[in-house]
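Notes follow the structure.
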Amino acid sequence: MFCAFLDRLARRAGLKVHVIADPYPVHRSPAVRARLAANAERVELHLTPGYSPELNPGELLNADLKHHVHGARATLCGTGSRSWRL
């Protein structure tokens, strides 16, 4: 599937395309390397470091949410002063 994606990029892109991907084994497979070699003038693959949450926007968002939501409380209306943790 990733090879088909690279093939489409190579066919449709007018300029050289730089693809940034994680180092998932599929992205480093011999089949992908062969496709990249065949299309080196049109597609270049850049792999991110193995585990780098500081480079992943989703991880940054999750950390921010955890920081701001942790400890917040929702209060029940009309049933006393009992609180629920979020």
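Here my numbering is used: the first residue of the sequence shown is 1345, the next is one more, and so on.
Cβ coordinates follow ideal geometry from the N, Cα and C atoms, glycine included.
Predicted model only: the values in this text are computed from it and were never measured.
query	result
Simplified DSSP assignment, three categories, for Leu1389	strand
One or two residues paired with Val1361 in a DSSP bridge	Val1387
Test item: CB-CB of Pro1369 and Leu1391 under 8 angstroms	no
When Val1413, Ser1396, Ala1381 are compared against Ala1365, the one with the closest alpha-carbon	Ser1396
Supposed close pair Leu1399, Val1363 - CB separation, criterion 8 angstroms	Their Cβ separation, rounded to whole angstroms, is 15 angstroms, which puts Leu1399 and Val1363 out of contact at 8 angstroms.
Phe1346 beta carbon less than 8 angstroms from that of Val1387	no
Inter-residue spacing [alpha-carbon to alpha-carbon] between Ser1373 and Arg1355	21 angstroms
Contact under 8 angstroms by Cβ, Arg1379 with Asp1351	yes
Distance between beta carbons of Glu1385 and Lys1410, contact taken as under 8 angstroms	The pair is not a contact, with the Cβ atoms about 44 angstroms apart (cut-off 8 angstroms).
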